[in-house]
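Just so we're on the same page, the working numbering is the position in the sequence shown counted from 1, plus 147.
Just so you know, even glycine gets a beta-carbon here, dropped at the ideal spot from N, CA and C.
Note that the structure is a prediction, hence the values are computed from the model and not measured.
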Amino acid sequence: MSENTELSEIDKELESFISGLQSLLMATVSDQGFPEISYASYIEVDRKFYIFISELASHTKNLLKNSNASVMFIEDESQASHSFARKRLTLTCEASRISRDNQLFEILIEKMQLRFGNLIETLRHLNDFHLFELRPLTGQYVAGFGKTYEINISTGQLKLLKPDI
Numbered sequence: 148m149s150e151n152t153e154l155s156e157i158d159k160e161l162e163s164f165i166s167g168l169q170s171l172l173m174a175t176v177s178d179q180g181f182p183e184i185s186y187a188s189y190i191e192v193d194r195k196f197y198i199f200i201s202e203l204a205s206h207t208k209n210l211l212k213n214s215n216a217s218v219m220f221i222e223d224e225s226q227a228s229h230s231f232a233r234k235r236l237t238l239t240c241e242a243s244r245i246s247r248d249n250q251l252f253e254i255l256i257e258k259m260q261l262r263f264g265n266l267i268e269t270l271r272h273l274n275d276f277h278l279f280e281l282r283p284l285t286g287q288y289v290a291g292f293g294k295t296y297e298i299n300i301s302t303g304q305l306k307l308l309k310p311d312i
């Protein structure tokens, strides 16, 4: 199998992997400079991720002060061939808040409601909830042992990385 064919197959696998998940793990930076990990439900539109999160959560407070975040999508342990070889996509992202008066807000909230149901209708009226766009800057996909791929975000292309052994 040629490298281009392999990368095309891995790209399809990655798309399927992400679309099969409803939440992402997210690391944000606290006021004290410490990383804090949490999770959020998301939607993906045009290779960007959107989360609707409350100020009661530390990750929201952190993102309002510092736009740097890292997100991870990871295979469920029960689905993995081995816990050491779980598929995972890690992205460094820049977060930006989408204000309620932006027409994109309504479009994205409607997409969230289609995916997550009527709870979104309730949450959209709570003023402590904020809609954030997570725009990936760099990324890496691990498809298993020795199968690590760098993602060129600007082109959306995968590049196979040789394991450092």
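Keeping to the same chain, check which residues put their C-beta closer than 6 Å to that of residue i; ignore five residues upstream and five downstream.
i      : result
Ser217 : Ala174 and Thr239
Ser205 : Glu183
Ile221 : Arg233 and Arg235
Within the same chain, show all residues whose beta-carbon is closer than 8 Å to that of residue i, passing over the 5 residues directly before and after it, in chain order.
i      : result
Ile256 : Phe199, Ile267, Arg271 and Leu278
Leu251 : Ile245
Glu162 : none
Leu273 : Ser201
Glu224 : Ser230 and Arg233
Have a look at the DSSP bridge pairing and note the partners of residue i.
i      : result
Ala174 : Ile184 and Ser217
Ser281 : Note that residue 281 is Leu in the sequence shown, not Ser. In DSSP, Leu281 forms a bridge with Phe196 and Ala242.
Tyr189 : Note: Tyr189 sits in no beta bridge, so no partner.
Arg233 : Partner(s): none; Arg233 has no beta bridge.
Phe276 : Ser201
Please report the residue range of the alpha helix (DSSP H) in which residue i lies.
i      : result
Leu261 : Gln250 to Phe263
Glu268 : Leu266 to Leu270
Asn209 : Ser205 to Lys212
So residue i and residue j are in contact, right, with Cβ under 8 Å, and what is the actual spacing, rounded?
i      : j      : result
Asn215 : Glu253 : Going by Cβ atoms, the distance from Asn215 to Glu253 rounds to 27 Å, so no, they are not a contact pair.
Gln287 : Thr207 : That belief does not hold up - the Cβ atoms of Gln287 and Thr207 are roughly 26 Å apart, past 8 Å.
Phe276 : Ser201 : 5 Å
Glu280 : Ser243 : 5 Å
Arg262 : Lys195 : With a Cβ gap of about 15 Å, Arg262 and Lys195 do not count as contacting.
Leaving aside the five residues before and after residue i along the sequence, list all residues of the same chain whose C-beta is less than 7 Å from its C-beta, in chain order.
i      : result
Ser170 : Tyr186, Ala187, Ser188 and Tyr189
Ile165 : Glu191, Phe220 and Leu236
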